[in-house]
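All remarks here apply to the structure that follows.
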Amino acid sequence: MIKEKELRVNDRIRIPQVRVIDADGGQLGVLNTREAQRMAAEKGLDLVEISPNARPPVCRIMDYGKYKYELAKKARSARKKQHTVDMKEIQLRPNTDDHDYNFKLRHARVFLADGDRVKVAINFRGREVVHQEFGFDMAKRVEQDLGDIAYAEQKAKLEGKTITLIFLPRPVSSGGRPKEARASEPTPPAKPV
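Numbering of the sequence shown is given in our numbering, commencing with residue 31 and proceeding in unit increments.
Structure (structure tokens):
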């Protein structure tokens, strides 16, 4: 699509001859620019250069104000429809206490319910990194506890003194529950006829 700043309208078109398309989309052929501007003015419309790189440039007779409004409206609706996925981070330690763990897990659940990705970082301090198994146990525990509403995008991996996992929310069906949870529910027995 053409940027608004690049469009030349009416007297700003300095080319001697242009190919003209009327308001209904019909070709009027190659005309003198002044003649095309006069035709547009008679109809109460504008002459807008829509393809400046063509030889001769292509101009259209249209209502420029309405055209700008339609472009702005399309841009607004496109911005409304787009959803950005944020990455939220939860930081734990290998020896995080149960209450603190549950508190942070509740926040992770809220983030996942909002559709955000969650990065879980299990940080080692000092010589704690010698006992990596405690960190990986914590990672397994987080993965099990969030398994009903999320899945791990990547497995737990140690980078420096931090074990990281990234969780994505499970796709939700029209019933408002994760697809896997709904599929695992037993189906009610059929009623006899």
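Ideal placement from N, C-alpha and C gives every residue a C-beta, glycine not left out.
Please state the DSSP three-state secondary structure of residue i.
| i | result |
| --- | --- |
| residue 191 | coil |
| residue 157 | helix |
| residue 176 | helix |
| residue 200 | coil |
Using only the alpha-carbon positions, how far apart do residue i and residue j sit?
| i | j | result |
| --- | --- | --- |
| residue 139 | residue 176 | 7 angstroms |
| residue 114 | residue 147 | 11 angstroms |
| residue 171 | residue 189 | 19 angstroms |
| residue 61 | residue 37 | 19 angstroms |
| residue 123 | residue 179 | 23 angstroms |
| residue 98 | residue 129 | 57 angstroms |
| residue 121 | residue 112 | 29 angstroms |
| residue 109 | residue 58 | 37 angstroms |
| residue 163 | residue 201 | 31 angstroms |
| residue 75 | residue 69 | 9 angstroms |
| residue 65 | residue 71 | 10 angstroms |
| residue 149 | residue 84 | 51 angstroms |
| residue 166 | residue 173 | 10 angstroms |
| residue 93 | residue 55 | 13 angstroms |
| residue 52 | residue 63 | 14 angstroms |
Measure the beta-carbon distance from residue i to residue j and round it to whole angstroms, keeping in mind my assumption that it falls under 8 angstroms.
| i | j | result |
| --- | --- | --- |
| residue 193 | residue 187 | 7 angstroms |
| residue 91 | residue 73 | 6 angstroms |
| residue 39 | residue 78 | 5 angstroms |
| residue 118 | residue 154 | Not really, about 21 angstroms apart at Cβ, beyond 8 angstroms. |
| residue 42 | residue 86 | Not quite, the Cβ-Cβ distance comes to about 16 angstroms (not below 8 angstroms), so this is no contact. |
| residue 181 | residue 198 | 6 angstroms |
| residue 160 | residue 191 | Actually they are not in contact, since the Cβ atoms of residue 160 and residue 191 sit about 11 angstroms apart, beyond 8 angstroms. |
field: Contiguous beta strand (DSSP E) assignments of at least 3 residues, all confined to the region 43–72
entry: 47–51, 57–62
- request: Any chance you could list the alpha helix (DSSP H) runs of at least 4 consecutive residues sitting entirely within the region 64–146, in chain order?
  value: 94–111, 128–143
- prompt: Just checking, does the region 98–111 make contact with the region 129–143 on the three C-beta pairs under 8 angstroms criterion?
  reply: no
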